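Here's the structure, in structure tokens; my notes come after.
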Amino acid sequence: MKRIVLTGGGTAGHVTPNIALVPTLQKAGYDIQYIGSYEGIEKELITGIDIPYHGISSGKLRRYFDIKNFSDPFKVLKGYTQASKLLKQLNPDIVFSKGGFVSVPVVLAAKRRKIPCIIHESDMTPGLANKLAIPSATKVCCNFPETLKYLPEGKATLTGSPIRDELFSGKKEIGLSFCNFTSEKPVILVIGGSLGAVAINNAVRESLDELLKQFQIIHLCGKGKLDESLANKKGYLQFEYIKEELSDLFACADLVISRAGANAICELLALRKPNILIPLSAAASRGDQILNAKSFAKQGYSHVLEEENLTKDTLLDAVSHVYKNRENYIHAMNQSDLANPIETIMELIEENKKK
Numbered sequence: 001m002k003r004i005v006l007t008g009g010g011t012a013g014h015v016t017p018n019i020a021l022v023p024t025l026q027k028a029g030y031d032i033q034y035i036g037s038y039e040g041i042e043k044e045l046i047t048g049i050d051i052p053y054h055g056i057s058s059g060k061l062r063r064y065f066d067i068k069n070f071s072d073p074f075k076v077l078k079g080y081t082q083a084s085k086l087l088k089q090l091n092p093d094i095v096f097s098k099g100g101f102v103s104v105p106v107v108l109a110a111k112r113r114k115i116p117c118i119i120h121e122s123d124m125t126p127g128l129a130n131k132l133a134i135p136s137a138t139k140v141c142c143n144f145p146e147t148l149k150y151l152p153e154g155k156a157t158l159t160g161s162p163i164r165d166e167l168f169s170g171k172k173e174i175g176l177s178f179c180n181f182t183s184e185k186p187v188i189l190v191i192g193g194s195l196g197a198v199a200i201n202n203a204v205r206e207s208l209d210e211l212l213k214q215f216q217i218i219h220l221c222g223k224g225k226l227d228e229s230l231a232n233k234k235g236y237l238q239f240e241y242i243k244e245e246l247s248d249l250f251a252c253a254d255l256v257i258s259r260a261g262a263n264a265i266c267e268l269l270a271l272r273k274p275n276i277l278i279p280l281s282a283a284a285s286r287g288d289q290i291l292n293a294k295s296f297a298k299q300g301y302s303h304v305l306e307e308e309n310l311t312k313d314t315l316l317d318a319v320s321h322v323y324k325n326r327e328n329y330i331h332a333m334n335q336s337d338l339a340n341p342i343e344t345i346m347e348l349i350e351e352n353k354k355k
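Residue numbers (full-length UniProt numbering): 1 to 355.
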């Protein structure tokens, strides 16, 4: 039996693309093993799908001063030793890494063991963990054409991001019924990320009276961010978080307002959903969401509204523009080269695994 080791963790974004690959890997006859940190979010997500999980020591590599910078390198070294022993024991044909700091010792150990390794970089520019790991990789997958210039020639392949199969199984009628919405008015789905986004929540709620004249609104606002005063507003439904019903909500959405995390926007592209992206500001991040959003706007997939410019009026103007031109956005997305990311990545895995 062919064997693959998946690795990646620290955030859900470093895990869910790995999970998206699992059904296809299993159909292709791969035994799948996962290496992550002892107690990271990846452990909960992977054990939940019944994949063997192996925990190793993991330290965070920071660009800023922190007292832990003195102790964490020893955790990374310990993780490297543990990863090397695990890879010797598991003897996989290939390693696939989605990034995050726990993946660095695994990729370095794979090179030492002469095991081919494919890395996936979601954002426009590689994060620190992947920057450290790329020299040890056989191939590097990416989401954006602009990313190719940051990667070693001959290693880089434009693939897009693996999308969970269940997102494609949604039913519009079920989504409308779940929300008790009518089919006579279009639906806007607002997604601020798993923690919600205060600026987006506020702008949407300030615009409700105007938006509800034309649209029905599903608002995923984040934990603890429900507005009880709007609980009975006709045509407006708010949730802290949705899991099982998400595919149906996507299916019934005519327009999506979202943050610009790489995995989130790749899902919008795969589902061909006209969208408004409101990226996390540079003041609150390394600016990767802004770059992601600009790339999608340049390719005609998205309309971008920067958080600094987000007001009731700019949001209403953006919604009006995108909905009016929704067919143009869908047409652009239909022309995308990133239509089959799982198929493309599987081809790379088959081509580069140990012979």
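Note that beta-carbon positions come from the ideal geometry of N, C-alpha and C, so glycine has one too. Bear in mind that the values here come from a model prediction, so they are computed numbers and not experimental data.
Whole-angstrom Cβ separation of Gln82 and Ile56, contact assumed at under 8 angstroms?
-> Sure, about 4 angstroms apart at Cβ, within 8 angstroms.
In the structure shown, what three-state DSSP assignment does Cys142 receive?
-> strand
In whole angstroms, what separates the C-alpha of Pro186 from that of Asp93?
-> 48 angstroms
Hey, could you find the ends of the alpha helix (DSSP H) Tyr323 is sitting in?
-> Where Tyr323 is concerned, the enclosing alpha helix (DSSP H) stretches over 312-324.
In angstroms with no decimal places, state the Cα-to-Cα distance between Asn292 and Lys78.
-> 34 angstroms
Helix, strand or coil: how does DSSP classify Asn275 here?
-> strand
Where do the ends of the alpha helix (DSSP H) carrying Arg3 lie?
-> Looking at the DSSP string, Arg3 is not in any alpha helix (DSSP H); the run it does join, the beta strand (DSSP E), is 2-7.
If you compare alpha carbons, which of Tyr236, Gly300, Met346, Asn352 is closest to Ser161?
-> Met346
Between Gly287 and Pro126, what straight-line distance do the alpha-carbon atoms span, to the nearest angstrom?
-> 12 angstroms
Indicate whether Ser97 and Ala156 have their beta-carbon atoms separated by less than 8 angstroms.
-> No, the Cβ-Cβ distance between Ser97 and Ala156 is not below 8 angstroms.
Would Ala28 be called buried (16 or more neighbouring beta carbons within 10 Å of its own) or exposed?
-> exposed
Span separating the alpha-carbon of Asn309 from that of Gln289 = The straight-line gap from Cα to Cα measures roughly 15 angstroms.
Could you tell me which of Phe239, Ile218, Glu307, Gln238 sits nearest to Arg259, measuring between CA atoms?
-> Glu307
Which whole-angstrom value is the C-beta distance of Gly154 and Glu121, which I expect to be below 8 angstroms?
-> Rounded, the Cβ-Cβ distance is 16 angstroms, inconsistent with contact.
In DSSP terms, what Ile218 is bridged to | Leu189, Leu237.
Where does the unbroken alpha helix (DSSP H) through Ile290 begin, and where does it stop?
-> 288-298
Which same chain residues, not among the five before or five after Leu315, have their C-beta less than 6 angstroms away from its C-beta?
-> Ala203, Ser207
Any heavy atom of the ligand FAD within a distance shorter than 7 angstroms of the CB on Lys131?
-> This structure lacks the ligand FAD; in fact it carries no ligand of any kind.
Measure the alpha-carbon distance for Pro145 versus Thr311 and round it to whole angstroms.
-> 31 angstroms
Apart from the five residues on each side of it in sequence, which residues of its chain come closer than 6 angstroms, Cβ to Cβ, to Thr159?
-> Take Thr159, set aside five residues on each side of it, and the residues of its chain with a beta-carbon closer than 6 angstroms to its own are Cys141, Pro341, Thr344, Ile345, in chain order.
What are the boundary residues of the alpha helix (DSSP H) that Val204 is part of?
-> 198-206
Could you check what DSSP says for Thr125 in three-state terms: helix, strand or coil?
-> If DSSP states are grouped into helix, strand and coil, Thr125 belongs with coil.
Buried/exposed call for Lys353, threshold 16 Cβ in 10 Å | buried
Following the continuous alpha helix (DSSP H) through Ile242, name the residue where it begins and the one where it ends.
-> First-last for Ile242: undefined, no H or E at that position.
Length of the line joining the Cα atoms of Pro152 and Ala129 = 16 angstroms
For the beta strand (DSSP E) that contains Phe96, what are its first and last residues?
-> 94-97
Counting only the same chain and skipping the five closest in sequence on each side, list residues whose C-beta sits under 6 angstroms from that of Leu338.
-> Gly160
Can you give me the Cβ contacts of Gly235 inside the same chain, cut-off strictly under 6 angstroms, excluding the 5 residues immediately before and after it?
-> Here the set comprises Leu212, Gln216.
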